[in-house]
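Numbering (UniProt numbering), first residue to last: 1 to 522.
From the three backbone atoms N, C-alpha and C, an ideal C-beta is built for every residue, glycine too.
Given the structure is predicted, the values throughout are model-derived calculations rather than measurements.
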């Protein structure tokens, strides 16, 4: 390691000149010594492929091998895959609550509503709060420590839920596990940005979104299968703790990928930069103050949301469509009981959602073709060019809900259960596309304030996902199954109307946004 400080030499010069009372000579020698060492450090860093701008700030060169984007592909796949597995696992556990509640409410001698709140809503409320609290602070600690801490606490929280023999333990455990589940969702987008280039990110982000849809689809069969067995509902969370512990071990072997932290570590392995050095590493990992947190994390997203009608429409569409995926699992056991299905069989029906999510990958292929065609034509790619998935998903979601609504008992008790089950495939496709495409549309529209513009979406999606299972339970309990499902279909039909309006006028709607107009005038 090369030291830029050389403390022994400086101390000797200071002592000698102090004895002679020559403070000006001391200052000159110190400046000369620091300047000489800075030049030596500068040459050393440049020789190792780093860039130093006119202000003395050290940055990465474009193809530096130690930059996370230039790591070995196997390393990037392992790190990204581990965190996507954490996301998939967390989403699966989040959607088990409404179904384990149906088994647990009798044991605790409480109402179904209270059980749904304890097992389902508390998790998602925790996730909503975490989505507000954590994003600004996780950047200060780096990617790996944040992932590791959240995985450890998530594991312990599931241990508490599985071992609790009282409702308080269930509520605390589910709330904390939901709170921790917000961290991968908050940090993973940054990790993907760290590791992958523009073209690769299209696929990696799509796999990330798909993981959420797969988790939603797997959860009912996972929860009902274990809950209906001799193991009982507690083992849903015992297995959750075991799975989370395995993921925690896997996280130990990922590498820190935040470029600023990797840069600091790389420089520290070569040189030592004392505080007096003119060469600096830009510090963008500082902890935000409370006032900065309130402004950036609360007031700014709220202000943007309340002053942007365009954002409100897109956010509500995406959040409500996604939250419907949390409503249906609670209704499936009673709906498919009309076909003579046992609870374990009804849980398997939701696996069709996974098929729909996988089919959405085909749209990404077409998105890339559109992007290449635009580039070949010398035209700029607009946010509207990326809305194909939404235009396909909106009519499919509408058709799927109407199809489902009138192919289930009591109206269609004589139909094969497979007929209504197949409707869940386009639902999975549509939920995947509403999430991926509309979130991307917000990011492309609000660019420099994308984080604040997306924050209400994350919050509303979690809150609505917490409320919808309770609402769904009441709807399907108090109404005819066909009527209750038709209400969801009417809601989806409204999305279709908005999609048609967007097809013709999306560009005009976007440009009418107050924020977009202000940006265009700059």
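For residue 93: DSSP bridge partner residues: As a first step, residue 93 is located in the chain shown; it is residue number 93 there, counting from the start. BP columns for residue 93 are empty, so no partner.
For residue 505 and residue 119, what's the separation of their Cα atoms in angstroms? In the chain shown, residue 505 corresponds to position 505, counting from 1. In the chain shown, residue 119 corresponds to position 119, counting from 1. The alpha-carbon atoms of residue 505 and residue 119 are separated by roughly 42 angstroms.
Who are the near neighbours of residue 396 in its chain, counting only those whose CB is closer than 7 angstroms to its CB and skipping five residues on each side? In the chain shown, residue 396 corresponds to position 396, counting from 1. Contacts found: 426, 429, 430.
Contact under 8 angstroms by Cβ, residue 464 with residue 319: Locating residue 464 in the chain shown gives position 464, where the first residue counts as 1. Locating residue 319 in the chain shown gives position 319, where the first residue counts as 1. Against a cut-off of 8 angstroms, the Cβ pair of residue 319 and residue 464 comes out as a contact.
What's the C-alpha gap between residue 354 and residue 269? Looking up residue 354 in the chain shown gives position 354. Looking up residue 269 in the chain shown gives position 269. Looking at the two C-alpha atoms, the distance is approximately 46 angstroms.
Below 6 angstroms CB to CB, which residues in the same chain sit around residue 61 once its five sequence neighbours on both sides are set aside? For this step, residue 61 is matched to residue 61 along the chain shown. 49, 51.
Please list, in chain order, all residues of the same chain as residue 63 whose beta carbon is under 7 angstroms from its beta carbon, the five residues on each side excluded. Locating residue 63 in the chain shown gives position 63, counting from the first residue. Closer than 7 angstroms at Cβ, skipping near neighbours: 70.
Answer yes or no: do residue 157 and residue 186 have a C-beta to C-beta separation smaller than 8 angstroms? The residue you call residue 157 lines up with position 157 of the chain shown. The residue you call residue 186 lines up with position 186 of the chain shown. Contact flag unset, no.
If we require 4 or more residues per run, which alpha helix (DSSP H) segments fall completely within the stretch 338-421? 343-349, 352-359, 361-376, 388-405, 417-421
Beta-carbon spacing of residue 122, residue 77 below 8 angstroms: For the purposes of this step, residue 122 is identified with residue 122 of the chain shown, where counting begins at 1. For the purposes of this step, residue 77 is identified with residue 77 of the chain shown, where counting begins at 1. In this structure, residue 77 does not lie closer than 8 angstroms to residue 122 by Cβ.
By DSSP, does residue 134 sit in helix, in strand, or in coil? Residue 134 sits at position 134 when you count from the first residue of the chain shown. Here residue 134 sits in coil by DSSP.
For residue 270, does the three-state DSSP call read helix, strand or coil? As a position in the chain shown, residue 270 is number 270, starting the count at 1. In this structure, residue 270 counts as coil in the three-state DSSP scheme.
Please name the residue in 403, 413, 382, 308 whose C-alpha comes closest to that of residue 528. Not covered by the structure: residue 528. The range shown for the chain is 1 to 522.
Looking at the secondary structure, which residues open and close the alpha helix (DSSP H) in which residue 214 lies? Residue mapping note: residue 214 aligns to position 214 of the chain shown, counting from 1. Note, residue 214: alpha helix (DSSP H), 198-227.
Helix, strand or coil at residue 51 [DSSP, three-state]: For this step, residue 51 is matched to residue 51 along the chain shown. Three-state DSSP puts residue 51 in a strand.
Please identify the residue among 99, 291, 486 whose C-alpha is closest to the C-alpha of residue 115. The residue given as residue 115 occupies position 115 in the chain shown. Residue 115 has its Cα closest to that of 99, out of 99, 291, 486.
Identify the continuous alpha helix (DSSP H) that holds residue 160 and give its terminal residues. For this step, residue 160 is matched to residue 160 along the chain shown. Unbroken alpha helix (DSSP H) run through residue 160: 143-163.
Residue 57 by DSSP, collapsed to three states: which one? In the chain shown, residue 57 corresponds to position 57, counting from 1. DSSP places residue 57 in strand when its eight states are reduced to three.
Residue range of the unbroken alpha helix (DSSP H) whose run includes residue 190: The residue labelled residue 190 in the question sits at position 190 within the chain shown. Here the alpha helix (DSSP H) through residue 190 covers 167-195.
Looking at the secondary structure, which residues open and close the alpha helix (DSSP H) in which residue 458 lies? Position 458 of the chain shown, counted from the first residue, corresponds to residue 458. From DSSP, the alpha helix (DSSP H) with residue 458 extends over 450-478.
Which value, in whole angstroms, describes the spacing of the CA atoms of residue 245 and residue 151? Residue numbering aside, residue 245 sits at position 245 when the chain shown is read from its first letter. Residue numbering aside, residue 151 sits at position 151 when the chain shown is read from its first letter. The alpha-carbon atoms of residue 245 and residue 151 are separated by roughly 8 angstroms.
Note down, one range per segment and in chain order, each beta strand (DSSP E) of at least 3 residues found wholly within the stretch 476-522. none
Given residue 456 as reference, the closest of 498, 387, 316 once Cα atoms are compared: Position 456 of the chain shown, counted from the start, is the residue given in the question as residue 456. Looking at the Cα atoms, 316 is the closest of the given residues.
Considering just the uninterrupted stretch of the alpha helix (DSSP H) at residue 432, what are its terminal residues? Within the chain shown, the letter at position 432 stands for residue 432. Residue 432 -> alpha helix (DSSP H) spans 424-446.
Could you check which residue in 148, 190, 212 has the C-alpha nearest to that of residue 434? Sequence index remark: in the chain shown, residue 434 carries index 434 (1-based). Considering only alpha carbons, the answer is 212.
Using a Cβ-Cβ cut-off of 6 angstroms (strictly less than) and excluding sequence neighbours within five positions of residue 444, which residues of its own chain qualify? The residue given as residue 444 occupies position 444 in the chain shown. Same-chain partners within the cutoff: 383.
Taking C-alpha atoms, which residue in 348, 90, 470, 498 lies nearest to residue 393? Within the chain shown, the letter at position 393 stands for residue 393. Comparing Cα positions, the closest option is 498.
Does the beta-carbon of residue 306 have 16 or more other beta-carbons within 10 angstroms, so that it is buried, or is it exposed? The residue you call residue 306 lines up with position 306 of the chain shown. Exposed: under 16 other Cβ atoms inside 10 Å.
Residue environment, residue 369, which counts as buried when at least 16 other CB atoms sit within 10 Å: Indexing the chain shown from 1 puts residue 369 at position 369. The residue is exposed, with fewer than 16 neighbouring Cβ atoms inside 10 Å.
Given 8 angstroms as the limit, is there contact between the stretch 475-485 and the stretch 409-423, that is, 3 or more CB pairs closer than that? yes
How should residue 461 be labelled, buried or exposed, when 16 other C-beta atoms within 10 angstroms of its C-beta is the threshold for buried? The residue given as residue 461 occupies position 461 in the chain shown. Buried, since its Cβ has 16 or more Cβ neighbours within 10 Å.
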